[in-house]
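Novice: Here it is, the structure, as structure tokens.
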Amino acid sequence: MFSYRHAYHAGNHADVLKHLCQMLLLEKLAEKDKPFVYVDTHSGAGWYDLTSEQAQKTAEYQGGVDRMLDAKSTNPQVQAYLKLMQDYRQQNRYPGSPEIANRLCRARDSLHLMEWHNNEIQNLKRNFKGVSRAHIHHRNGFEGLVAMCPPKPARGLVLIDPSYELESDYQEVVKTVTLAVKRWATGIYAIWYPLLAKKRDRSNSMLTAFSKPPFTSVLDIQLIVQPQNEEVGMYGSGLVVVNPPWQFDQQVQALLPELSQTLKTGPEGQYSLRWLINAG
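Going left to right, the sequence shown walks through residues 908 to 1187 as my numbering numbers them.
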């Protein structure tokens, strides 16, 4: 079983970008008075104790969510994220994507939370005990997503954020989303990925694949917080959004300068937002 545990990285700069975008996408879905489904292929524990040995070993949250809280944003979307984060931070916790979805989804919406790690699935089950609309799946999230497409209802968001411990994860992401889109063409798919040191980064080939059919509308968002190293380290992260809702790109564009300025650790932060393909 893989060694990755997100507790070491909970609340870091990558989580800030990912979870802000997740909240925007869920809010877009909730604008219509129709139920939707939320699918998380790599759920982790659901939420994380920031006083744990793992979180304290790296303390990455101090350069992520804590910086954002200290900066006291005036942007309404960022403020909504920070208000939610403050609720958990007061308890020395950080909410993962399943917990954020649980807070934002409505009673008639449903959550499908997948996790393959033997220890994490136990944490996930414990943290979501009693949440009747949350369906917990102990399975490979890539296979699980394809198997459940198209879901009912056929409106919804899929969040895919593997560890990328294996280089094959990049190919597996493309393969999985390609199959899922063929079965569920109207779903929104948000794929997180790391921006790594030059000798380790494999994101470009994945982005190239998402710029071609069967995909027709794909947005790529990147946040860079420090200079790229030659050998090791993550210098930023990105989020590919397949079938982004109307005006989502404008919302994110308005957030990126502030995120870059607040979360940078080098002399200057960088960000980008571009369409990989936009046939519509």
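For each residue, glycine too, the CB sits at the ideal point set by N, CA and C.
For R1000, which of helix, strand or coil comes out of DSSP?
Specialist: Strand, per DSSP.
Novice: Give the DSSP-derived three-state secondary structure of P1152 in the structure shown.
Specialist: P1152 falls in the coil class under three-state DSSP.
Novice: Tell me the start and end of each unbroken beta strand (DSSP E) in the segment 1123-1151 that is at least 3 residues and wholly inside, in chain order.
Specialist: DSSP runs (the beta strand (DSSP E)) wholly in the segment 1123-1151: 1124-1131 and 1141-1149.
Novice: Closest by CA to S1167, which one among A921, V1147, H913 and Y915?
Specialist: The shortest Cα separation from S1167 among A921, V1147, H913 and Y915 belongs to A921.
Novice: Does the Cβ-Cβ distance between L989 and I1095 come in under 7 Å?
Specialist: For L989 and I1095, no; Cβs fall outside 7 Å.
Novice: As a quick exercise: from V1132, P1151 and I1128, pick the residue whose alpha carbon is nearest that of N919.
Specialist: Closest by alpha carbon: V1132.
Novice: Could you have a look at N1047 and say whether DSSP puts it in helix, strand or coil?
Specialist: The answer is coil: DSSP assigns N1047 none of H, G, I, E or B.
Novice: In angstroms with no decimal places, state the Cα-to-Cα distance between M1190 and L1020.
Specialist: Outside the modelled stretch of the chain, which goes from 908 to 1187, sits residue 1190, for which no answer is possible.
Novice: Looking at E960: is its Cβ nearer than 7 Å to the Cβ of H916?
Specialist: No. Outside cutoff.
Novice: Does the Cβ of K1059 have 16 or more other Cβ atoms within 10 Å, making it buried, or fewer, making it exposed?
Specialist: Flag for K1059 reads exposed.
Novice: With burial defined as no fewer than 16 other Cβ atoms inside 10 Å of the residue's Cβ, what is the status of R974: buried or exposed?
Specialist: By the neighbour-count rule (16 or more Cβ atoms within 10 Å), R974 is buried.
Novice: Which residues does DSSP pair with W1182 in a beta bridge?
Specialist: Bridge partners of W1182: L1126.
Novice: DSSP on H1019, reduced to helix/strand/coil?
Specialist: If DSSP states are grouped into helix, strand and coil, H1019 belongs with the strands.
Novice: Cα separation between M908 and Y1077?
Specialist: Because M908 carries a pLDDT of 44, less than 50, the predicted location of this residue cannot be relied on, and no value is offered for it.
Novice: Using the rule of at least 16 other Cβ atoms within 10 Å of the residue's Cβ for burial, across every protein chain shown, is W1099 buried or exposed?
Specialist: Result: buried.
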